[in-house]
Every structure is written in C-alpha cells, then in structure tokens.
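These notes are about the structure you will find just below.
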Amino acid sequence: MSTPVETFTTYKHSIELQKNVADLWWTVDDNEREITFELHINTTGWIALAGGMKGTDIGVGWVDQRGSVYFQDRYAFAKERPMLDNTTIDWFALQGREVSGWTAIQFKRLLDTCDLMDVPIKSGTNKLIFAYGLTDPIPSGPNGEISYHENQHGSRALSLRSYTDSLSEDTFAGLDYFDFRLNNACHISIFY
1 MSTPVETFTT
11 YKHSIELQKN
21 VADLWWTVDD
31 NEREITFELH
41 INTTGWIALA
51 GGMKGTDIGV
61 GWVDQRGSVY
71 FQDRYAFAKE
81 RPMLDNTTID
91 WFALQGREVS
101 GWTAIQFKRL
111 LDTCDLMDVP
121 IKSGTNKLIF
131 AYGLTDPIPS
141 GPNGEISYHE
151 NQHGSRALSL
161 RSYTDSLSED
171 TFAGLDYFDF
181 RLNNACHISI
191 FY
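In structure tokens form, the structure reads like this:
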C-alpha cells in the first residue's frame with residue numbers, strides 16, 4: 001500500500017487502487033447487510049468512491065481544516081458533476097483524518113439500500129471508480145459543492161463480496177498449464 005496513514009481498524013480485504021495515489025480497504029458484514037470501506041487518497045481535497053460514473057451513486061467525503069469529516073451521498077445521471085441525493089442518505093462517514101497530505105475516511109453503506117438512486121453491491125465483479133479534488137468543497141459544510149476532478153480519477157473491477165483473497169500472479173509464474181475443474185460439468189485444460 002502507498003499511504004503513510006494507518007487504517008482505523010483491520011479489514012478483510014485491501015487493494016492499492018493506484019500506486020502512490022489511492023488505497024482501499026473493505027469488510028462485508030453479511031449479518032448487517034453492509035459494507036465498510038476505508039479510502040485513502042493522496043490529496044487534502046475531497047475524495048470519492050463510486051460504482052461507475054453514469055447512472056450510479058457516489059460517496060464523496062472530505063476533512064476540513066478543523067478536522068471535521070463530511071460525507072455526501074451523490075448521484076450521477078451522466079458524465080457530469082453528480083448531484084446531492086436527497087431522496088435518502090445511504091453513505092455514512094464513520095471517521096476521517098488528514099495526515100502527510102493524504103485524506104483517509106472510513107465510511108459504510110448497506111449492500112442494497114433499496115434506493116433507486118443507488119447501485120446494489122452484489123456478488124461477482126463490481127466496477128469501482130475513485131476520484132478526488134485538490135481542494136475541499138465550497139462551502140466546506142454538508143452542502144459543499146465539489147470541483148471537477150480533471151484527470152484525478154481511476155477505476156478497478158473488484159469482487160467486493162469475495163471471501164477469499166485472490167492469489168498473486170507470481171503463484172502461476174512458470175506453469176506450463178493449469179486445470180479448471182467444474183463439479184458435475186467437465187474438465188478443461190488450458191495450455192499456453
């Protein structure tokens with residue numbers, strides 16, 4: 001991981017989203033049907049996590065100069081500034097801080113909020129987009145407006161509800177072939 005900031009707690013999963021820019025940790029609580037994230041981004045401005053950019057919900061947060069943490073539930077109809085989602089508030093900041101130029105915020109939401117302006121987090125691959133601004137929203141209160149992120153963004157396809165960490169590519173280095181076995185189906189060998 002790139003961040004010099006310690007996480008607030010221990011998580012089941014983590015990934016470096018972009019080297020020296022963004023790191024993400026998360027744990028799924030199936031009993032509570034919620035997911036807790038911790039996002040660290042190399043900025044002292046706002047940070048965001050989304051399930052896409054068009055027709056999706058977005059969690060946007062920042063830590064102001066007094067150390068107060070703000071988090072907004074937003075929605076993007078198109079590739080434009082996402083609007084505040086005032087139908088229901090489904091993203092919740094737990095805590096946050098700024099250290100050594102990095103913003104770190106721990107937040108949570110339900111896996112399925114039943115809100116038409118939210119995307120359910122399902123088993124399988126989920127597309128995640130992170131973005132950030134170089135400054136805090138203006139005004140820096142709960143209704144602050146975020147600036148355009150320019151080229152400060154990235155995306156990853158992740159299995160957020162996977163219960164096993166994927167093996168590193170080094171595990172398969174030097175193999176001539178490997179087998180995929182499907183119960184009650186067939187045996188497939190792939191050679192390369």
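In terms of UniProt numbering, the sequence shown opens at residue 1 and continues consecutively.
We treat Cβ as the ideally placed atom computed from N, Cα and C, and that holds for glycine.
Annotation: I138 to W46 spans about 11 angstroms, alpha carbon to alpha carbon. For the pair G96 and G61, the CB atoms are nearer than the 8 angstroms cut-off.
For L158, the enclosing beta strand (DSSP E) begins and ends at H153 to L158. DSSP places D85 in no beta strand (DSSP E); its state is neither H nor E. L49 counts as buried, since at least 16 other C-beta atoms from the protein chains shown sit within 10 angstroms of its C-beta. Note on geometry: alpha-carbon atoms of L116 and T56 lie some 9 angstroms from one another. Residue burial is scored here from C-beta neighbours: A157 has fewer than 16 other C-beta atoms within 10 angstroms and is therefore classed as exposed. Straight-line measurement puts the Cα of K122 at about 22 angstroms from the Cα of T87. Comparing alpha carbon positions, the residue from I146, H13, L84 and G124 closest to L39 is H13.
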